[in-house]
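Engineer: Questions regarding the structure given below will be posed in turn.
Numbering (the working numbering), first residue to last: 18 to 658.
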């Protein structure tokens, strides 16, 4: 084993992410899922696996099975028997696929579709339509004929946002969710139900659960026709059911979370495997677990499983499926039989493999923050079978701020994290104030304090790691994407702990963000910062662009040129301010990328540029040559100081 400075270790792990599993469905024993492929420009491909194990690719190029509804899409396909319907990203239309060439069943322009559910008896698809044909986008629940001969029929509209249309097993009732601005779906939503008349139209729609301060998610009908849902009315996203008398009854109350924030459609943490069995997933301390709930006695029985992150839970007729990931392996498609066999991996997408000697397994850590709360994080130490650090030297630490900010650090294998740890960096993935998975009170710690509370949490976590000997206090770095990119910028503008930073498409001007972002997040910041324009002073005070003069640490910015959430000028204006202020700064812009990079070339270039940036500003030898990045206000390599 060789001795070399931390951050300079030669690693066999490339700067590539590999394919990823996005959505999953189970119908009549056939598994369907979408796979994102960076090598195909980020195209999302629909695949299936028959009961005999045969895997087929269903959607031919150039079809891209995704949706832009609400900006983040989801619920982009539905399958029942031999019929599959999907949303195509490029034109926004729905297509029917019956084994041949996909054919469109919706008009050619002006709408986006998501949260698809097939109504076989009436030969239609029930879904959410975001109509862009008028003055501004509006949400509607619509029925789309499977033959495409007639235009979609509006079943319900009115609230600002709609989601999760769910048809009862006998086809007689429909349930769905709604919310209105300024709420986000994790703030407060309403659960609706309606009887369907002979023509399949809702009659007598009424609200049965939820409210402006109760987040209701994931309505699902049981095989017996009872309505179940996830609610945080008791402080945690737990399972509930609506009794025949209209009362919301807790199914298995726990200080754990059975829900995730509804950034996208089609999310699922539970499903009915039979009349009395619910396959579910819940999280404690940021780590996910599988379980089965007995509906009759409301008992929950944990299942033995290696998976630390579980999503897209589906079930039917004693069979379950989900997307599972472990600390040492990426997300893959998993099935199991209930009761009986343990989880069985049935499909793993192509991606980088990590030998055990190069794998960093995280440790769950908790540290005190400034407001007396406990901050949760995952610590990844440097790991490389061929190298060790010099005696007495501590590694540079990358503090990661996840996106959202209503979101969470995911406790599973990440090629990006392993890229850093195998080169001698430590990584601290922080579930700061406002993160999900720790109850509503933890989410509410960020209310009105974005740019302050989560920054303090990240700084506290970094200080704790340095004090514990896990990191070099002179080489603490903060990085993040989207809202986490903003946190990185805010930390550099207000704290002195961090020697460098990286922001991936993070907003720098909160007022501009409010004025120009998409409809879904148009009033998100009212809960995170304050009412606008009444508290415009807070928006300016918390905007890194207006505090650029206080940023002295080197910064690298990454920006997609097709980003509708955080437009490119957010990064450009900050770059110009820092450039003019003499701060070492770099800006990389990526054509064809939006809010989140999907193309292999973009992902590789960004990660290698970030490594090159840190090697320059922290004077760490590069283990391998990479394409350099131009850093303004920093002498070129080889130039005299």
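The beta-carbon is built from N, C-alpha and C at its ideal position, and this holds for glycine as well.
For residue 23 and residue 612, what's the separation of their Cα atoms in angstroms?
Structural biologist: 32 Å
Engineer: Return helix, strand or coil for residue 171, following the three-state DSSP convention.
Structural biologist: Looking at residue 171 - three-state DSSP - the assignment turns out to be strand.
Engineer: Return the CA-CA distance between residue 167 and residue 444, expressed in angstroms with no decimal places.
Structural biologist: The straight-line gap from Cα to Cα measures roughly 54 Å.
Engineer: For residue 540 and residue 423, what's the separation of their Cα atoms in angstroms?
Structural biologist: 14 Å
Engineer: Apart from the five residues on each side of it in sequence, which residues of its chain come closer than 6 Å, Cβ to Cβ, to residue 626?
Structural biologist: 605, 646
Engineer: Can we say the stretch 222-239 touches the stretch 560-577, given the rule of at least three CB pairs closer than 8 Å?
Structural biologist: No, they do not touch.
Engineer: Does the stretch 509-523 come close enough to the stretch 431-449 to have 3 or more Cβ pairs within less than 8 Å?
Structural biologist: no
Engineer: Would you mind listing the beta strand (DSSP E) stretches within the stretch 40-92 that are 3+ residues and don't spill past its ends, in chain order?
Structural biologist: 47-54, 60-66, 72-74
Engineer: Take residue 29 as the anchor and find which of 644, 369, 261, 496 has the nearest alpha-carbon.
Structural biologist: 369
Engineer: DSSP has residue 282 in a bridge; who is on the other side?
Structural biologist: 91
Engineer: In chain order, what are the residue ranges of uninterrupted alpha helix (DSSP H) at least 4 long that sit wholly in the stretch 436-507?
Structural biologist: 457-461, 470-484
Engineer: By Cβ distance below 8 Å, which residues in the same chain neighbour residue 367 in space, the five residues on each side in sequence not counted?
Structural biologist: Result list for residue 367: 35, 36, in chain order.
Engineer: Which one of 134, 375, 133, 83 has the shortest CA to CA distance from residue 400?
Structural biologist: 375
Engineer: Just how far apart, CA to CA, sit residue 338 and residue 327?
Structural biologist: 10 Å
Engineer: Give the DSSP-derived three-state secondary structure of residue 531 in the structure shown.
Structural biologist: helix
Engineer: Mind checking whether residue 160 and residue 147 have CB atoms under 8 Å apart?
Structural biologist: no
Engineer: Check whether the stretch 211-222 and the stretch 292-303 touch, using three or more Cβ-Cβ pairs below 8 Å as the test.
Structural biologist: no
Engineer: Check whether the Cβ of residue 423 lies closer than 7 Å to any heavy atom of the ligand FMN, and answer yes or no.
Structural biologist: Although the ligand FMN was asked about, the structure shown includes no ligands whatsoever.
Engineer: Identify whether residue 525 lies in helix, strand or coil by the three-state DSSP scheme.
Structural biologist: coil
Engineer: Kindly give me the distance between the Cβ atoms of residue 523 and residue 508, rounded to whole angstroms, as I take these residues to be in contact under 8 Å.
Structural biologist: Taking the Cβ atoms as the reference, residue 523 lies roughly 11 Å from residue 508, outside the contact range of under 8 Å.
Engineer: Apart from the five residues just before and just after residue 130, which ones in its own chain have a Cβ nearer than 6 Å to its Cβ?
Structural biologist: 104, 111, 144, 146
Engineer: So who's on the other strand from residue 310, going by DSSP bridges?
Structural biologist: 295, 317
Engineer: Suppose only complete runs of 3+ residues qualify. What are the beta strand (DSSP E) ranges in the stretch 572-627, listed by chain order?
Structural biologist: 572-577, 602-607
Engineer: How would you call residue 18, buried or exposed, if buried means at least 16 neighbouring beta carbons within 10 angstroms?
Structural biologist: Its Cβ having fewer than 16 others within 10 Å, residue 18 is exposed.
Engineer: Among 21, 371, 31, 463, which has the Cα closest to the Cα of residue 617?
Structural biologist: 31
Engineer: Have a look at residue 157 and residue 41 and give me their C-alpha separation to the nearest angstrom.
Structural biologist: Rounded to the nearest angstrom, the two C-alpha atoms are 24 Å apart.
Engineer: Whose C-beta lies closer than 7 Å to the C-beta of residue 195 among residues of the same chain, with five residues either side of it excluded?
Structural biologist: Result list for residue 195: 176, 178, 179, 206, 207, 209, in chain order.
Engineer: Buried or exposed: which applies to residue 134, given that a residue is buried once 16 or more other Cβ atoms fall within 10 Å of its Cβ?
Structural biologist: Around the CB of residue 134, 16 or more other CB atoms lie within 10 Å, so the residue is classed as buried.
Engineer: If residue 527 and residue 568 are in contact, beta carbons under 8 Å, what's the gap, nearest whole angstrom?
Structural biologist: Wrong, their Cβ atoms sit about 16 Å apart, outside the cutoff.
Engineer: Is the stretch 180-200 in contact with the stretch 237-256, if contact means three or more CB pairs nearer than 8 Å?
Structural biologist: yes
Engineer: So if DSSP puts residue 184 in a beta bridge, which residue, or which two residues, is it bridged to?
Structural biologist: 191
Engineer: Does the distance from the CB of residue 379 to the CB of residue 348 come in under 8 Å?
Structural biologist: Note that the C-beta distance between residue 379 and residue 348 is not below 8 Å.
Engineer: If residue 253 and residue 273 are in contact, beta carbons under 8 Å, what's the gap, nearest whole angstrom?
Structural biologist: 6 Å
Engineer: Check the C-beta distance from residue 132 over to residue 283 and give it rounded, since I have them as a contact under 8 Å.
Structural biologist: 6 Å
Engineer: Taking all protein chains shown into account, decide if residue 99 is buried (16 or more other Cβ within 10 angstroms of its Cβ) or exposed.
Structural biologist: exposed
Engineer: May I have the straight-line CA-CA distance separating residue 549 from residue 592, to the nearest angstrom?
Structural biologist: 26 Å
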